[in-house]
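Input: a single structure, listed below in structure tokens.
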Amino acid sequence: MDMHTRERSLGESKCGEEGGGGGASGKPRGADSIEAQASITLAISFSQLRLSITNMSYFRITLLRSAIGLPKQASGVLKALGLRKRMKTVYHPVSQQVAGQIFAVKELIDVQEVDQKFSPEELKELRRPDSGFYVESRIQDQRMD
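So that you can map any letter, position 140 of the sequence shown is 140 in UniProt numbering, and since no number is skipped, the others follow by simple counting.
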């Protein structure tokens, strides 16, 4: 390749005005910009992935009805989810696999999407009612007219 041919091929690849499809690299015109856009899109999707991992949400799954009398597949799905007894609550990260398992036994469970996991002690404390009693209305205020 002589000097004149080399300069012409560099000029074509930089300007893109001369020649048919591309420069010395053999890429079609605009391929560099497509690669740049793809790398920007990839960087954006990675940053969104990092944000979604930090703000992770969970499925809170509670077994309401037992799988007695149901096919083995239903009881197998419940075991895979970690639900062996009624009123047991488990947490699983939101994912397609867990969503498919939930869909398979949707009649037996209660599902909520929550932002954080609770320990069994915290769940027990949340279920415990407040101590004492409340005055809803006074008898003196409920006069019969």
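Note that the Cβ used here is the ideal one computed from N, Cα and C, for glycine as well.
Close-in-space but distant-in-sequence residues of the same chain around residue i (CB under 6 Å, 5 per side omitted)
i	result
GLY132	none
ALA104	VAL77
LEU108	ARG65
GLY20	For GLY20, the pLDDT reaches just 49, beneath the cut-off of 50, and the residue's location in the model is therefore unreliable, although a value from the coordinates is still provided. Excluding sequence neighbours, GLY20 sits near nothing in its chain.
Cut-off 7 Å between Cβ atoms - residues of its own chain near residue i, not counting five sequence neighbours on either side
i	result
MET56	PRO93
VAL98	PHE59 and HIS92
GLY82	VAL90
Secondary structure of residue i, DSSP reduced to three states
i	result
LEU51	Low per-residue confidence applies at LEU51: pLDDT is 49, beneath 50, and the placement is therefore not dependable enough to give any value.
ILE68	coil
GLU113	strand
LEU83	coil
LEU63	strand
GLU77	Before going further, note that residue 77 is Val rather than Glu in the sequence given. Residue state, collapsed to three classes: helix.
LEU108	coil
GLU136	coil
GLN101	helix
residue 160	Residue 160 cannot be examined here, being either before or after the span of the chain that is shown, 1 to 145.
Buried or exposed by the 16-neighbour rule on C-beta atoms within 10 Å, applied to residue i
i	result
LEU51	Note on LEU51: pLDDT 49, under 50, position unreliable in the model; the coordinate value appears next. Exposed.
GLN101	buried
ILE68	exposed
SER137	exposed
Nonlocal neighbours in the same chain, by C-beta distance under 8 Å from residue i, ignoring five residues either side
i	result
MET87	THR62, LEU63 and LEU64
SER75	ALA67
Contact belief for residue i with residue j at Cβ below 8 Å, rounded distance in angstroms
i	j	result
THR89	LEU123	6 Å
VAL114	TYR58	5 Å
ARG60	TYR91	6 Å
Counterpart residues of residue i in DSSP-defined beta bridges
i	result
PRO93	TYR58
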